[in-house]
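Peer 1:
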Amino acid sequence: MTGPTIAGVLFDFGHTLFTHDAGPDVVSAAAATLGVDLSGEDAASVWAEIDAAAMAPDEVARGRDLDDAVWRDRWAVLYGLADRVVDGLGAAIDRSFHDPWAWSPYPDTEPVLAALDAAGVPVGVVSNTGWDVRDPFRVRGLDRLVRAFTLSYECGAAKPDARIFHAACRSLDLEPAHVLMVGDDPVADSGALAAGLADLVLVDAATPVTEERGLVARLDPARLGP
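Heads up: the sequence shown runs through residues 27 to 252, numbered per this note's numbering.
Printed below as a string of structure tokens:
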């Protein structure tokens, strides 16, 4: 990192600090809880249908990330598509994706958050979501290492909109020019640069949960300053 002093760091949530089992694996596991053994092909087909429906332009336009009630209602409908295969499967999938224990931190998540905390560098989480992603941090005691959470459904703007990045910087009492953004989505998270943040670090969303993201090396607190 070069340029202005980095006085604070913003992180995305999903596939940056935490991850979840892949969709087809969730479908298989959820079906198993209902006593049904789905083939890998069938599980992948169910997930492909859900994913396609969730990303359809008309569905995206409903604004799931901007309203928690819309989020809850629409995901119940979308996951409910799986009920054509197994009765009750949609609700089981929904429970998995909203279970804080089902979201796992990467091995270097806690070390880098702890290192930044020890260096006096405040951390914020900024996420496009319609549910409270504080919970996966809380159940593991990691919320103590995060100064503030800026969630799209609470602030009324979603990445890449500059407003959510500016709100996140204000939550750290810092000017955007002294804040670094770390994320995995080159479209949504790159909005940080347009919003005037100091820099952007992108990590690979496909990293398995057992592997480090290289965050400790890339965010060496010695290169940062409160």
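Don't be surprised by glycine CBs; every beta carbon is placed ideally from N, CA and C.
1. Run through the DSSP bridge pairs and tell me what V227 is partnered with.
2. Buried or exposed: M81, going by 16 or more other Cβ atoms within 10 Å of its Cβ?
3. Taking its Cβ as the centre, do 16 or more other Cβ atoms sit within 10 Å of P148, making it buried, or is it exposed?
4. Decide if G182 is buried, meaning its Cβ has at least 16 other Cβ atoms within 10 Å, or exposed.
5. CB T42 to CB D210, shorter than 7 Å?
6. Three-state secondary structure (DSSP) at T45?
7. What are the residues that DSSP puts in a beta bridge with F163?
8. Using the Cα positions of A221 and M207, report the straight-line distance between them to the nearest angstrom.
9. Going by C-alpha to C-alpha distance, which of D125, A232, V138, L226 sits closest to W157?
10. Can you tell me whether T45 is buried or exposed? The criterion is at least 16 other CB atoms within 10 Å of its CB, across all chains shown.
11. I'd like to know if the stretch 228-245 and the stretch 177-194 are in contact, where contact means that at least 3 CB-CB pairs between them fall below 8 Å.
12. What's the gap between the Cα of D68 and the Cα of A87?
13. Would you kindly check if the distance between the Cβ of D91 and the Cβ of S178 is under 7 Å?
14. Taking contact to mean 3 or more Cβ pairs, one atom from each stretch, closer than 8 Å, check whether the stretch 94-112 and the stretch 137-144 are in contact.
15. Would you mind working out which of E75, A218, W129, V205 sits nearest L14, comparing C-alpha positions?
16. Contact defined as beta carbons within less than 8 Å: I believe G114 pairs with L64. What is the distance between those atoms, to the nearest angstrom?
17. Could you have a look at A174 and say whether DSSP puts it in helix, strand or coil?
18. Find the nearest neighbour of L284 within the set G217, R110, P234, E237, judged by alpha-carbon distance.
19. On the DSSP bridge list, what partners appear for S197?
20. What number of angstroms, rounded off, separates the C-alpha of S54 from the C-alpha of A108?
21. How is V235 classed by DSSP in three states: helix, strand or coil?
22. Taking a contact to mean a Cβ-Cβ separation below 7 Å, would you say V242 touches D134 in this structure?
23. Hey, quick one: how far does the beta strand (DSSP E) through L107 stretch, first residue to last?
24. What residue does the beta strand (DSSP E) around F123 start on, and which one ends it?
Peer 2: On the basis of the data shown:
1. DSSP lists V208 as partners of V227.
2. Label assigned to M81: exposed.
3. The residue is buried, with at least 16 neighbouring Cβ atoms inside 10 Å.
4. Burial call: exposed.
5. The answer is yes: Cβ separation under 7 Å.
6. Note: T45 maps to strand in three-state DSSP.
7. Answer is none; F163 lacks a bridge partner.
8. In a straight line, the C-alpha of A221 is about 11 Å away from that of M207.
9. Of the candidates D125, A232, V138, L226, the residue whose Cα lies closest to the Cα of W157 is D125.
10. The C-beta of T45 has 16 or more other C-beta atoms within 10 Å across all chains shown, which makes the residue buried.
11. The stretch 228-245 vs the stretch 177-194: no contact.
12. Answer to the nearest angstrom: the Cα atoms are 29 Å apart.
13. Note that the C-beta distance between S178 and D91 is below 7 Å.
14. No, they do not touch.
15. This structure leaves residue 14 out entirely; the chain is present only between 27 and 252.
16. Contact check for G114 and L64: beta-carbon distance about 13 Å, past the 8 Å limit, so the pair fails to qualify.
17. The answer is strand: DSSP assigns A174 an E or B state.
18. With the chain covering 27 to 252 only, the question about residue 284 has no answer from this structure.
19. Answer is none; S197 lacks a bridge partner.
20. Inter-residue distance for S54 and A108 is about 11 Å (C-alpha atoms, whole angstroms).
21. DSSP, read as helix, strand or coil, puts V235 in coil.
22. It is a contact, given that the beta carbons lie within the stated cut-off.
23. Counting along the chain, L107 falls outside any beta strand (DSSP E), and DSSP gives it neither H nor E.
24. That residue, F123, is in no beta strand (DSSP E); its alpha helix (DSSP H) goes 115-123.
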